[in-house]
Amino acid sequence: MSATSVALDRSGAVATMRIAGDVTSASEGELMAGYTRAIEDGANAIILDFSGLEYMNSGGIGLLVTLLVRAQRGGVRLLASGLSDHYREILALTRLDEAIEIHEDEGAAVAAVEV
Amino acid sequence: MTMTEETPTQAPASRDASNWARPVDRLSAEGVVGAGVDSVTGKRVSGPLQGFGQLWQKTFRVSLDGSSMSPQEVIAIWKDRFPTFWPNTGKFYAPLAGIVPGEVALLDIDPIPGSPIKFSTGVMVLYADDESFTFINPEGHALSAWITFSAHRDGDVTVAQVQALERTSDPFDEIGYMLGANRMNNRFWEQTLENVARHLGVETPIVDSQVLCIDKRRQWRRVTNLRNSATLRTAGHTLTAPARWITRRG
Chain A
21 MSATSVALDR SGAVATMRIA GDVTSASEGE LMAGYTRAIE DGANAIILDF SGLEYMNSGG
81 IGLLVTLLVR AQRGGVRLLA SGLSDHYREI LALTRLDEAI EIHEDEGAAV AAVEV
Chain B
68 MTMTEETPTQ APASRDASNW ARPVDRLSAE GVVGAGVDSV TGKRVSGPLQ GFGQLWQKTF
128 RVSLDGSSMS PQEVIAIWKD RFPTFWPNTG KFYAPLAGIV PGEVALLDID PIPGSPIKFS
188 TGVMVLYADD ESFTFINPEG HALSAWITFS AHRDGDVTVA QVQALERTSD PFDEIGYMLG
248 ANRMNNRFWE QTLENVARHL GVETPIVDSQ VLCIDKRRQW RRVTNLRNSA TLRTAGHTLT
308 APARWITRRG
């Protein structure tokens, strides 16, 4: 099991959280800290880039729901990029894909925000 | 037991791949033995984002003091004997294949213990590994939710845990929740953990409960969930029972 790492990039009002490693219920601190930092920096759209995601269990999916709820409450647009076919299937299975915009890569997500 | 599977696009390679259910469009509980009513077949899953009411995160834990079992051993027993740990206000018809990803189980719930009223619903096993398993509810269930059963080490002690992320599914269920069903639901999981702990040798289990409302808003666009409501269907069935009885007697 590898630790979660969240690196934050910011471009205008769009922030990208690059999520790598394992996402489980133990990842709450890293994910929420990244989200809070992005909001404090003034982001109104956040891209969750999952290119480096290695493993996710149901606790990790639960954290994504919590993140989505925080974003909806704060009027923040949440997008996802870099998902493998497997994790796309999981988002479809759990119907999270109804609430989060999924894009092929970060560039496509940025372009969607800027439209 | 079968599921209506969508065509897979590519074989997943992630190391969690075998822990997740395969994508399904509609659930099927055909073949579950013993249940009187199947109100699950043909329904979609309904997680916390699809519900109507306030969003609750509920965590119940019990320390298995005196037990030398590892988390993996606890989860193996919990999966194997799952129906026996349910409180007597409900009946769990386990999938024939057991608690494995993608399997569907049926439930009968007695909202008023001892009364003839029963809610018939079910769950799908969304995820399972050696230390946890997660159920997701179908449309029509009073709660749009997923519930994770897990065990972990806390120092020298193994802790068994139930964590639910849930919203009521429609306004009717939300009213019921405000009028006491929420507390009954909490008690249900506390009793489940007490039953697990007693089975594993804990004489006086003490369950620690943390109930947090993490979104107070109601999702009014989900009011249409009423069309699938098992609660309303059961209420209608109960109210029309005298008429059916008279008709049968000719």
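Chains as they are written, first to last, in the numbering used here: chain A, 21 to 135; chain B, 68 to 317.
Positions of the beta carbon are idealized from the N, C-alpha and C atoms, including for glycine.
These numbers were taken from a predicted model, which means no experiment stands behind them.
Test: residue i CB closer than 8 Å to a CB of chain B
i      : result
A100/A : no
Y75/A  : yes
G79/A  : yes
I39/A  : no
Test: residue i CB closer than 8 Å to a CB of chain A
i      : result
N86/B  : yes
Y244/B : no
T215/B : yes
P90/B  : yes
P79/B  : In this prediction, P79/B scores a pLDDT of 47, lower than 50, which makes its location untrustworthy; the coordinate-derived value is nonetheless stated afterwards. P79/B counts as touching chain A.
P115/B : yes
V192/B : no
L94/B  : no
L83/B  : The displayed chain sequence assigns Asp, not Leu, to residue 83/B. So, interface residue.
S137/B : no
V107/B : no
T69/B  : With a pLDDT of only 46 at T69/B, under the threshold of 50, the placement of this residue in the model should not be trusted, and no figure is reported.
V112/B : yes
S199/B : yes
T76/B  : Because the pLDDT of T76/B is 48, which lies under 50, any placement of that residue in the model is unreliable, and the question is left without a value.
Within chain B, the residues that residue i reaches when beta carbons sit closer than 8 Å
i     : result
L51/A : Near L51/A there are no residues of chain B at all, since even the closest Cβ is about 14 Å away, more than 8 Å.
R93/A : D282, R284
N-terminal and C-terminal residue of the beta strand (DSSP E) that residue i is part of
i      : result
A35/A  : 34-43
Q230/B : 224-235
I214/B : 210-221
I122/A : 121-123
I319/B : The structure shown does not extend to residue 319/B, since chain B spans only 68 to 317, so no value can be given for it.
R97/A  : 97-101
R128/B : 122-130
Where the alpha helix (DSSP H) containing residue i begins and where it ends
i      : result
F255/B : 249-266
K146/B : 138-147
Q92/A  : 78-94
I59/A  : 48-60
G243/B : 238-243
G127/A : 126-134
G303/B : 297-306
I179/B : From DSSP, I179/B is part of no alpha helix (DSSP H); its letter is neither H nor E.
D105/B : Where D105/B is concerned, there is no enclosing alpha helix (DSSP H), given that its DSSP letter is neither H nor E.
Chain-ordered chain A contacts of residue i [CB-CB under 7 Å]
i      : result
P205/B : Correct list: empty, because the minimum Cβ distance to chain A is about 12 Å.
Q121/B : Correct list: empty, because the minimum Cβ distance to chain A is about 11 Å.
V171/B : Per Cβ cutoff of 7 Å: no residues; V171/B is ~14 Å from chain A at best.
Contacts of residue i in chain A (Cβ-Cβ under 9 Å)
i      : result
L232/B : G82, V85, T86
S276/B : The premise fails here: S276/B is roughly 17 Å from chain A at the closest Cβ pair, so nothing lies under 9 Å.
Whether residue i touches residue j by CB criterion (8 Å)
i      : j      : result
Q124/B : L260/B : no
V96/A  : I66/A  : yes
P138/B : T215/B : no
S95/B  : A297/B : no
R115/A : G109/B : no
L103/A : L51/A  : no
A143/B : P150/B : no
G98/B  : L163/B : yes
E233/B : S211/B : yes
Y75/A  : S81/B  : yes
P205/B : A88/B  : no
P90/B  : F255/B : no
A227/B : V192/B : no
V290/B : F127/B : no
A35/A  : A58/A  : yes
Neighbour list for residue i in chain B, Cβ cutoff strictly below 7 Å
i     : result
V89/A : L122, I281, D282
Contacts that residue i makes with chain A (C-beta to C-beta distance below 8 Å)
i      : result
D196/B : N77
Quiz prompt | chain B contacts from the region 105-123 of chain A (Cβ-Cβ distance under 7 Å) | solution = Residues D105, H106, E109, I110, A112, L113, T114, R115, L116, E118, A119.
Quiz item: Which residues, in chain order, does the region 282-313 of chain B contribute to contact with chain A at a C-beta distance below 7 Å?
Solution: If the cut-off is 7 Å between Cβ atoms, the region 282-313 of chain B has D282 near chain A.
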